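Accompanying notes for the structure given below.
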Amino acid sequence: MKKKKALSLVINAVLAGSLLLGAASVTAYEAGDFIVRAGAANVDPNDDSDALELNGTALAGTEAEVDDDTQLGLTFTYMLTNHIGVGLLAATPFEHDLKADMGGGVKYDAGSAKHLPPTVTLQYFPMDGASKFQPYVGVGVNYTKFFDEDVDSELENALSLTGGDLELDDSWGWAAQVGFDYALDERWLLNASVWYLDLQTDAKFKFDQPVVIEADVDVDPWVYMIGIGYKF
Numbered sequence: 000m001k002k003k004k005a006l007s008l009v010i011n012a013v014l015a016g017s018l019l020l021g022a023a024s025v026t027a028y029e030a031g032d033f034i035v036r037a038g039a040a041n042v043d044p045n046d047d048s049d050a051l052e053l054n055g056t057a058l059a060g061t062e063a064e065v066d067d068d069t070q071l072g073l074t075f076t077y078m079l080t081n082h083i084g085v086g087l088l089a090a091t092p093f094e095h096d097l098k099a100d101m102g103g104g105v106k107y108d109a110g111s112a113k114h115l116p117p118t119v120t121l122q123y124f125p126m127d128g129a130s131k132f133q134p135y136v137g138v139g140v141n142y143t144k145f146f147d148e149d150v151d152s153e154l155e156n157a158l159s160l161t162g163g164d165l166e167l168d169d170s171w172g173w174a175a176q177v178g179f180d181y182a183l184d185e186r187w188l189l190n191a192s193v194w195y196l197d198l199q200t201d202a203k204f205k206f207d208q209p210v211v212i213e214a215d216v217d218v219d220p221w222v223y224m225i226g227i228g229y230k231f
C-alpha cells in the first residue's frame, strides 16, 4: 500500500503539473543541457522468493525477505534534444538486512549485503515553452552489484552452524522511471522521481558442516528519490 501511494503521488503530480503551461521566466530544457540532482533515495524491495533450499531440498513454507534502506542518491541527465535525454541513477552504497522466514511466525536475521544500482534510462520530457514544471518518463537498464555480504550470527546459532559465508549474484534487468523537475529559477530546481527495477538474485549461505542454504529472490525494488538539482 505504501508503494502504491508513493507512486500515485508522483504520477498525479506529473499529470497535474503538465497542465501548468503558464508564463514563467524559466527556460525550458534544450539540447546540450546537463542536469545534476541530489537527494534522499530509498530502495524499497517488492521482494518475493522461492522456498529456501537446504542442500538442494526445498523447505516448504519458508522464504527470504529483504529490508529497505535510504542513502544519498545522485542523478544526471544530458539532453540530446529539447525533449530527449539520457539519465543515470547513482548512489552511495545501500545496505540491506536479509531475513529467513522459516514459517509459523519464526524469522531469523540471516545476514546483510551492500549494493550499488547504477541505472541508465532514455528519458522523454514532453513540455514546450517556458514551463516551470518539467515532467518526464524513462525506460532503460539496471545493473546491480552486490558486495560486503555477511552472515548473521543469529542464523548460525539458531541452526547450530558455523563458518557462514554469503554470496549474492549480481543482476542485470530493465528499469522504468517517472518523475518531475520544478524550476526555482533559471538554474536551481526541485525534483521527485520513482524507478521500478527488475532485479533478481540467487542467495547462497554456505557453512562448514557442510551445509548450503539457497534462495532465488525477486527483489524488484521501487526506488523513491526527492531532492534538489542544478541545470548547467
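Numbering that gives the first Met the number 0 puts the first residue of the sequence shown at 0, with every later residue one more than the last. All C-beta atoms in this analysis are idealised placements derived from N, C-alpha and C, irrespective of residue type, glycine included. Fair warning: this is a prediction, and the values are worked out from it, not measured in the lab.
- In terms of Cα proximity to L97, the closest of E155, E185, V150 and S159 is V150.
- Between A37 and L71, the C-beta gap is smaller than 8 Å, which places the two residues in contact.
- Under the DSSP definition of a beta bridge, H82 lacks any partner.
- Counting only residues of its own chain and dropping the five nearest sequence neighbours on each side, D197 has a CB closer than 6 Å to the CB of G172 and W173.
- F145 is bridged by DSSP to H114.
- Annotation for T200: L167, D168, S170 and V216 place their beta carbon closer than 6 Å to its own, counting only its chain and skipping 5 residues before and after.
- Within the region 31–103, not a single complete alpha helix (DSSP H) segment reaches 4 residues in length.
- Residue burial annotation: Q208 is exposed, with fewer than 16 other C-beta atoms found within 10 angstroms of its C-beta.
- Residue pairing by DSSP places P134 opposite F179 in a beta bridge.
- Here M224 is bridged, per DSSP, to A40 and S192.
- The residue from G226, F204 and D147 with its alpha-carbon nearest to that of L183 is G226.
- The straight-line gap separating the alpha-carbon atoms of G228 and I34 is approximately 7 Å.
- The count of Cβ pairs closer than 8 Å, one atom from the region 117–137 and one from the region 66–83, reaches three, so the stretches are in contact.
- Following the DSSP letters along the chain, one finds L158 inside the alpha helix (DSSP H) bounded by residues S152 to L158.
- Per the C-alpha coordinates, the member of E213, K203, L154 and Y223 positioned closest to F179 is Y223.
- When the Cα atoms are used, W194 and N45 turn out to be separated by approximately 12 Å.
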